Ligand SMILES: [Zn+2]
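In my numbering, the protein residues as written are 436 to 691.
Below, the structure is given as structure tokens:
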């Protein structure tokens, strides 16, 4: 329930792919030009782009930094990391990619289950070498499960294996602890959250609505047609609060 007082949440942006959409769901793609423009909007507002450690600190202490944003990418498609890294590096900005660890270097088709389209998104996932280049460019990595399975539809044993084995695999490749998880399709339930927590992660990212659960951290999807005004609302930290009020007001005006 939305309170009357404005409530800030650390803004976490969710991107999927950079470039021109060749097919599949166009909402998952923003062009490099659009992404570069988004980074300028972030810079113009004087916002810092956080590391996963800094974002965790904000969420775990319940104190969203006023001047910060966490940029995330889901799925680790090779072309997207190649295109994003130089744009981020040029502005000394940071971001995180959530990687389906069992698909490194493979061609993947990630289809939404029960969705209205057959193929949501497909292409080659970054390989080990590409992932190390991403780290060398000052960017970060979290787990997006092993095979991009919806953890709410698999057995508890499979959910545990997806969480634990992807962590081990990425830590082997990067020689660095991987402490943050992101649910495929942003789907989670109590069983999925338990599997991720027991696998040794400190936090897990999801989608909307916002919660205070460290294993269901909120993120906002960025769309290719986001105007500067809408993007600014996302960066403000009040996006969820404003959206909830918008829904309330729309309902109230319909009742009149
Ligand atoms: Zn995904």
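Glycine included, C-beta positions come from ideal geometry on N, C-alpha and C.
Given the structure is predicted, the values throughout are model-derived calculations rather than measurements.
Inter-residue spacing [alpha-carbon to alpha-carbon] between residue i and residue j
i, j, result
"residue 556", "residue 458", "8 angstroms"
"residue 684", "residue 510", "36 angstroms"
"residue 540", "residue 579", "15 angstroms"
"residue 444", "residue 489", "14 angstroms"
"residue 634", "residue 589", "16 angstroms"
"residue 583", "residue 466", "24 angstroms"
Backbone secondary structure at residue i - three-state DSSP
i, result
"residue 575", "strand"
"residue 631", "helix"
"residue 442", "coil"
"residue 559", "strand"
Buried versus exposed call for residue i [16 or more other C-beta atoms within 10 Å across all chains shown]
i, result
"residue 574", "buried"
"residue 662", "exposed"
"residue 484", "buried"
"residue 447", "buried"
Identity of the residue in the options nearest residue i by Cα
i, options, result
"residue 576", "521, 507 and 641", "507"
"residue 659", "445, 440, 622 and 472", "472"
"residue 560", "589, 517 and 524", "517"
"residue 402", "503, 605 and 623", "In the structure as shown, the chain starts at 436 and stops at 691, and residue 402 therefore has no counterpart that could be examined."
"residue 533", "629, 449, 600 and 651", "449"
"residue 654", "673, 680, 613 and 626", "673"
Contact test: residue i Cβ vs ligand 1 heavy atom, cutoff 7 angstroms
i, result
"residue 460", "no"
"residue 623", "no"
"residue 611", "no"
"residue 545", "yes"
"residue 615", "no"
"residue 583", "yes"
"residue 509", "yes"
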